[in-house]
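Presented below is the structure to which this report refers.
There are 2 protein chains.
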Amino acid sequence: MSIFLIFALSKINYARTLIYIFHLATIPAIFAGAALTATSIGITGKVLAEIGKLSAKEGQIIIGAAVLDDILGIIVLAVVASLVKTGEVQISKVIYLVISSSAFVVGAILIGRFLSPFYVQLVNSMKTRGQLLLVSLIFAFILAYIAQVIQLEAILGSFAAGLVLAETEKRSELAEQVFPIADLFVPIFFVCVGAKTDLSVLNPAIPSNREGLVLAAFLIVVAILGKVVTGLAVFSKEKLNRLAIGVGMIPRGEVGLVFAGVGAASGALSPATDAAIIMMVISTTFIAPPLLRLVFKEPTGSPQSVSSEQ
Amino acid sequence: MSIFLIFALSKINYARTLIYIFHLATIPAIFAGAALTATSIGITGKVLAEIGKLSAKEGQIIIGAAVLDDILGIIVLAVVASLVKTGEVQISKVIYLVISSSAFVVGAILIGRFLSPFYVQLVNSMKTRGQLLLVSLIFAFILAYIAQVIQLEAILGSFAAGLVLAETEKRSELAEQVFPIADLFVPIFFVCVGAKTDLSVLNPAIPSNREGLVLAAFLIVVAILGKVVTGLAVFSKEKLNRLAIGVGMIPRGEVGLVFAGVGAASGALSPATDAAIIMMVISTTFIAPPLLRLVFKEPTGSPQSVSSEQ
Chain X
1 MSIFLIFALS
11 KINYARTLIY
21 IFHLATIPAI
31 FAGAALTATS
41 IGITGKVLAE
51 IGKLSAKEGQ
61 IIIGAAVLDD
71 ILGIIVLAVV
81 ASLVKTGEVQ
91 ISKVIYLVIS
101 SSAFVVGAIL
111 IGRFLSPFYV
121 QLVNSMKTRG
131 QLLLVSLIFA
141 FILAYIAQVI
151 QLEAILGSFA
161 AGLVLAETEK
171 RSELAEQVFP
181 IADLFVPIFF
191 VCVGAKTDLS
201 VLNPAIPSNR
211 EGLVLAAFLI
221 VVAILGKVVT
231 GLAVFSKEKL
241 NRLAIGVGMI
251 PRGEVGLVFA
261 GVGAASGALS
271 PATDAAIIMM
281 VISTTFIAPP
291 LLRLVFKEPT
301 GSPQSVSSEQ
Chain A
1001 MSIFLIFALS
1011 KINYARTLIY
1021 IFHLATIPAI
1031 FAGAALTATS
1041 IGITGKVLAE
1051 IGKLSAKEGQ
1061 IIIGAAVLDD
1071 ILGIIVLAVV
1081 ASLVKTGEVQ
1091 ISKVIYLVIS
1101 SSAFVVGAIL
1111 IGRFLSPFYV
1121 QLVNSMKTRG
1131 QLLLVSLIFA
1141 FILAYIAQVI
1151 QLEAILGSFA
1161 AGLVLAETEK
1171 RSELAEQVFP
1181 IADLFVPIFF
1191 VCVGAKTDLS
1201 VLNPAIPSNR
1211 EGLVLAAFLI
1221 VVAILGKVVT
1231 GLAVFSKEKL
1241 NRLAIGVGMI
1251 PRGEVGLVFA
1261 GVGAASGALS
1271 PATDAAIIMM
1281 VISTTFIAPP
1291 LLRLVFKEPT
1301 GSPQSVSSEQ
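The listed protein sequences correspond, in order, to chains X and A.
Reading the first sequence from the start, the letters are residues 1 to 310 in my numbering.
Reading the second sequence from the start, the letters are residues 1001 to 1310 in my numbering.
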């Protein structure tokens, strides 16, 4: 919970800083701040597995925090994207959105846990091919629709569906069947985000672009420092490599791109802000793996961690 | 090859009959005739497996003929759809299209067989997730693009890619990864075809609809008789259940729907003709399984085939 609170506070501070320094409007600032919160489990998880640190205390904290981060991040995205639709930030509406989106996710998980035996029974009794995948996709689409109806982002619903399905006994079988679909759509997602991004707004030769560049540089520095500080602030009686925890959470990966994508699609982000967020996502994703290897090697330096590195 | 020739001839006769009796324009007539040629391996294969006849001589002939049928059908579709674009049937163009589409499929298979070791090597050397699926999809998209460029239907290219990939040693691994994607898209395909079909044009209460209804009835009768006669005409010295071969080829299934879909999308088919083809596809697909069990039980009637039926 301490991590959770630090994140919530840091997000508000990020947004406040962006408003003061860059004179960004409130909503783009909140969007950029929210994008900074994301943590890509994929990148860090892979590196941790490679250096044999996935089951170390630090690895567990990183993974746990990253999952919490994703939940919190998607809720923030739902709130921010909904605020964009009206264009103004009313405290009452923010409170409604935070409560409704949190209630939605927590409610989906609780009801989902209660209903999961029926889900497994339904899947097992169906006499068709692809029954597991189709029932799961229908479930995800229904939750996405419900989220849309209560004025949240559809992505919050499908994310909640994923959290529920990950708790069922069909988990690994479903993951296996979802992988090919992800392999099909993930490259399309990355190409679409890339193709929609106008990187020329970061060209330093044009004076009017310089503010966007400064914003990008600021976001990158804050993205790295923010997580490192968060890691150092972890409360624990155990001896921990706190630097490694912070570094492990640096990559924003695909989660950050979802923020940029939703922000740009809803018209909340200017091309310069959008490009700055994407630059931040790319930098943090590329810088984290070598940094992570570095900070994990120094304090332990045991032969075991070296040998398992290849 | 005898089956191949009978099919080619029967298709021309179907189209000719439709033009004479129903005064259909040439292209819708060819489309309807072409849709009659399709054979859905899925339905018949499943029934044959259930009654333990998949490896029987008759089962092998049905499967072989259905595969040939699919290749021929897709080539006919490519030719017809291309004719629709110009709107007129020129003998020289028909000859060009038949030659180019046949050459395309045969060429793709021959070149594919030559290149498949490099394909397997490429897939094995890639260090990413989903490499087999992505390389295969890219290959299918490239062939679809080439088909489009030489004025054939894109579906011919992806179909040829499927034929080539089915020959490689990655066949079963790829099939496993493609199943979830098919499970995702196949229901969408069926829903789209269904939602686009205006079944009210088959309402007998409206006099102007009756011609469409007669066409649907005619297509259904011809669809059943045509395949049964084809089956009876199989040349072979062996003692064969020729009726069963004909019945086994009755279901038009998804292949017939692809014809209706491409025909309607290209504007070649009127709503009545389109609905009549879809009625034919639905009827033949539903009527075949019980008929197939019936004709297979009567002549053999051995306890083995009965016991393996459940």
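Cβ atoms here follow ideal geometry from the backbone N, Cα and C, with glycine treated the same way.
A quick note: this is a predicted structure, and the numbers were derived from the prediction, not measured.
{"Query": "Is there a C-beta anywhere in chain X that falls below 7 angstroms from the one on A/G1130?", "Result": "yes"}
{"Query": "What would DSSP say about X/F235, mapped onto helix, strand or coil?", "Result": "coil"}
{"Query": "Could you work out which residues of chain A lie near X/F141, taking near to mean beta carbons separated by less than 8 angstroms?", "Result": "Within 8 angstroms Cβ-Cβ: nothing; X/F141 doesn't reach chain A, min ~11 angstroms."}
{"Query": "How close, in whole Å, do the beta carbons of X/I61 and X/I245 come, if the pair is a contact with beta carbons under 8 angstroms?", "Result": "5 angstroms"}
{"Query": "Report the CB separation of X/A154 from X/A144 in whole angstroms; it is logged as a contact under 8 angstroms.", "Result": "4 angstroms"}
{"Query": "Would you please verify whether the beta carbon of A/L1122 is less than 7 angstroms from any beta carbon of chain X?", "Result": "no"}
{"Query": "Would you list, in chain order, the members of the segment 1085-1115 of chain A that have their beta-carbon closer than 9 angstroms to a beta-carbon of chain X?", "Result": "none"}
{"Query": "Let me make sure I understand the geometry here. Which of A/G1130, A/Q1151, A/D1198 has the alpha-carbon closest to that of X/F185?", "Result": "A/G1130"}
{"Query": "Closest to A/F1319 by CA distance: which of A/K1046, A/G1059, A/I1041, A/I1074 is it?", "Result": "Chain A is shown from 1001 up to 1310; residue 1319 of chain A falls before or after that span and cannot be answered."}
{"Query": "What does the alpha-carbon distance come out to for the pair X/V229 and X/P187?", "Result": "33 angstroms"}
{"Query": "Do you know offhand how far X/I181's Cα is from A/S1092's?", "Result": "43 angstroms"}
{"Query": "Candidates A/S1283, A/A1056, A/R1242: which alpha carbon is nearest A/G1256's?", "Result": "A/S1283"}
{"Query": "Can the beta-carbon of X/A66 be found closer than 7 angstroms to that of X/I41?", "Result": "yes"}
{"Query": "Could you give the distance in angstroms between the alpha-carbon of X/Y81 and the alpha-carbon of X/I278?", "Result": "For the sequence presented, residue 81 of chain X should be read as Ala rather than Tyr. Answer to the nearest angstrom: the Cα atoms are 18 angstroms apart."}
{"Query": "From X/I142 to A/K1297, what does the alpha carbon distance come to, in whole angstroms?", "Result": "45 angstroms"}
{"Query": "Determine, using beta carbons only, whether A/L1174 and A/S1125 come nearer to each other than 7 angstroms.", "Result": "no"}
{"Query": "Using only the heavy atoms of the ligand ADP, determine whether one of them is closer than 6 angstroms to the beta carbon of X/L199.", "Result": "Within the structure as shown, the ligand ADP is missing, as the structure has no ligands at all."}
{"Query": "With X/D274 and X/A264 assumed to form a contact (beta carbons below 8 angstroms), what rounded beta-carbon distance in angstroms separates them?", "Result": "5 angstroms"}
{"Query": "Give the range of the alpha helix (DSSP H) segment to which X/A260 is assigned.", "Result": "253-265"}
{"Query": "Rounded to a whole number of angstroms, what is the C-alpha to C-alpha distance between A/L1024 and A/L1018?", "Result": "6 angstroms"}
{"Query": "According to the neighbour-count rule (16 or more other Cβ atoms, all chains shown, within 10 Å of its Cβ), is A/N1203 buried or exposed?", "Result": "exposed"}
{"Query": "For A/K1085, name the three-state secondary structure that DSSP assigns.", "Result": "helix"}
{"Query": "Under 7 angstroms between the Cβ atoms of X/I220 and X/I250?", "Result": "no"}
{"Query": "Quick one: using the 10 Å Cβ neighbour count with 16 as the cut-off for buried, is A/T1086 buried or exposed?", "Result": "exposed"}
{"Query": "In the structure shown, what three-state DSSP assignment does A/I1051 receive?", "Result": "coil"}
{"Query": "Under a CB-based cut-off of 7 angstroms, is X/L54 close to chain A?", "Result": "no"}
{"Query": "Mind checking whether A/V1079 and A/L1097 have CB atoms under 7 angstroms apart?", "Result": "yes"}
{"Query": "Strictly under 7 angstroms for the Cβ-Cβ distance: is A/D1070 near chain X by that measure?", "Result": "no"}
{"Query": "Between which two residues does the alpha helix (DSSP H) containing A/P1028 stretch?", "Result": "1026-1037"}
{"Query": "I need the boundaries of the alpha helix (DSSP H) containing X/D183, first residue and last residue.", "Result": "171-196"}
{"Query": "In chain order, what residues of the segment 1176-1190 of chain A put their CB closer than 9 angstroms to some CB of chain X?", "Result": "E1176, Q1177, V1178, F1179, P1180, I1181, A1182, D1183, L1184, V1186, P1187"}
{"Query": "Within a Cβ cutoff of 7 angstroms, which residues of the same chain sit near X/A205, ignoring the five residues on either side of it in sequence?", "Result": "none"}
{"Query": "For a test of the three-state rule: what should DSSP assign to X/M126, helix, strand or coil?", "Result": "coil"}
{"Query": "So the alpha helix (DSSP H) X/V247 belongs to, where does it begin and stop?", "Result": "242-248"}
{"Query": "Would you mind stating whether A/L1132 and A/S1101 have Cβ atoms separated by less than 7 angstroms?", "Result": "no"}
{"Query": "Smallest Cα separation from A/S1236: which of A/G1045, A/L1072, A/K1057?", "Result": "A/K1057"}
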